[in-house]
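All remarks here apply to the structure that follows.
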Amino acid sequence: EDQVTQSPEALRLQEGESSSLNCSYTVSGLRGLFWYRQDPGKGPEFLFTLYSAGEEKEKERLKATLTKKESFLHITAPKPEDSATYLCAVQAGGYGQNFVFGPGTRLSVLP
Amino acid sequence: DAGVIQSPRHEVTEMGQEVTLRCKPISGHDYLFWYRQTMMRGLELLIYFNNNVPIDDSGMPEDRFSAKMPNASFSTLKIQPSEPRDSAVYFCASRRGKGWGTEAFFGQGTRLTVV
């Protein structure tokens, strides 16, 4: 059965304390893996798309990587403004053009 | 571009009333998605359209829910009659559908409370 899971459910970091968020997936025919950021009361905001194992994308303090079974979102020297919920989503051949979202990781960065 | 625009941002209604949520996708995007987000179930797809035609409505929970896209710049999601368990944040998203793997852009959502 196709699944998208994320861990941890919640993460508290001190400002400057680097860490990684995990997105694990079991789908057939992955077409793309997407990372989004969601602030309270707002819609998800697109961050990255990864297409194939070994691919990496970077934006400011964030770096996303992809293997055949999981993706990591690495956060280097985070700041309080990085606090948000981070969602991953997959697009797979069996879903048509839909995106299936994981439950998200709630990140809090304390000053 | 102003992005995906949803209205209203908040809606409070009484059980049994009809509720209509509205969405204007990004110009030029040919896919439109309606999602519902709750604490328990996260983001769930309700229905999506391609070129104004409904493609997959398997996520629509019951016949009380209906969605239309009369043209490329407007879509509605209607709940009639509404029930307290429909309380959630409803998101509209759009994307340009050139092949696989293009990202979707979300609106700010409509927070629906049914009392």
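Chains as they are written, first to last, in this note's numbering: chain A, 500 to 610; chain B, -4 to 110. Glycine included, C-beta positions come from ideal geometry on N, C-alpha and C. Computed from a predicted model, the values in this text were never measured in an experiment.
**Prompt:** With distances taken between CB atoms, is the gap from S89 of chain B to P3 of chain B smaller than 8 Å?
**Reply:** Not closer than 8 Å, so no.
**Asked** Across which residues does DSSP place E555 of chain A in a beta bridge pair?
**Response** According to DSSP, E555 of chain A bridges with A:T564.
**Prompt:** Shortest alpha-carbon distance to V599 of chain A belongs to which of A:E514, A:T564 and A:S523?
**Reply:** Selected option, being the one with the closest Cα: A:S523.
**Message:** Assuming contact is defined by CB atoms lying nearer than 8 Å, are L520 of chain A and T575 of chain A in contact in what I supplied?
**Reply:** Contact: no.
**Prompt:** What residues in its chain sit with their C-beta under 8 Å from that of P79 of chain B, if we drop five residues either side in the sequence?
**Reply:** Hits under 8 Å: M10, V109 and V110.
**Request:** For chain A, find out if any of its Cβ atoms is closer than 8 Å to the Cβ of Q103 of chain B; answer yes or no.
**Result:** Closer than 8 Å to some Cβ of chain A, the Cβ of Q103 of chain B qualifies, so yes.
**Request:** For the stretch 99 to 107 of chain B and the stretch 535 to 549 of chain A, state whether three or more C-beta atom pairs, one from each stretch, are separated by less than 8 Å.
**Result:** Touching, yes, given that three or more Cβ pairs across the two stretches are closer than 8 Å.
**Message:** Would L40 of chain B and Y30 of chain B qualify as a contact pair, given that the criterion is a beta-carbon distance under 8 Å?
**Reply:** Contact: yes.
**Asked** Can R511 of chain A and L609 of chain A be called in contact, C-beta distance under 8 Å?
**Response** L609 of chain A sits close to R511 of chain A, with the two beta carbons spaced by under 8 Å.
**Residues of its chain near T504 of chain A, where Cβ-Cβ distance is below 8 Å and the 5 sequence neighbours each way are ignored** = Excluding residues within five positions, the ones whose Cβ falls inside 8 Å are C522, S523, Y524, G601 and P602.
**Request:** Evaluate contact between the stretch 66 to 75 of chain B and the stretch 560 to 571 of chain A, counting only Cβ atoms and requiring at least three cross-stretch pairs below 8 Å.
**Result:** The stretch 66 to 75 of chain B is not in contact with the stretch 560 to 571 of chain A.
**Request:** Answer yes or no: does any C-beta atom of chain A fall closer than 8 Å to that of Y85 of chain B?
**Result:** Put simply, the CB of Y85 of chain B is far from chain A, with every gap to its CB atoms at 8 Å or more.
**Message:** Which residue wins for smallest C-alpha separation from G37 of chain B, given the options A:F547, A:L586, A:A591 and A:Q596?
**Reply:** The shortest C-alpha to C-alpha distance from G37 of chain B to any of A:F547, A:L586, A:A591 and A:Q596 is the one to A:L586.
**Request:** Assuming T33 of chain B contacts A83 of chain B (C-beta within less than 8 Å), just tell me the rounded distance between them.
**Result:** Indeed they touch by this definition, with Cβ atoms about 5 Å apart.
**Item:** 9 Å Cβ cut-off: residues of chain B touching F545 of chain A
**Value:** E98, A99, F100 and F101, listed in chain order.
**Prompt:** Between A67 of chain B and the rest of its own chain, which residues show a CB-CB distance below 7 Å, the 5 nearest in sequence each way excluded?
**Reply:** Taken in chain order, the residues that qualify are N47.
**Asked** Got a sec: which bits of the stretch 539 to 567 of chain A sit with their beta carbon under 7 Å from any beta carbon on chain B, in order along the chain?
**Response** Going along the stretch 539 to 567 of chain A in chain order, one finds K541, G542, P543, F545, T548 and Y550 with a Cβ nearer than 7 Å to chain B.
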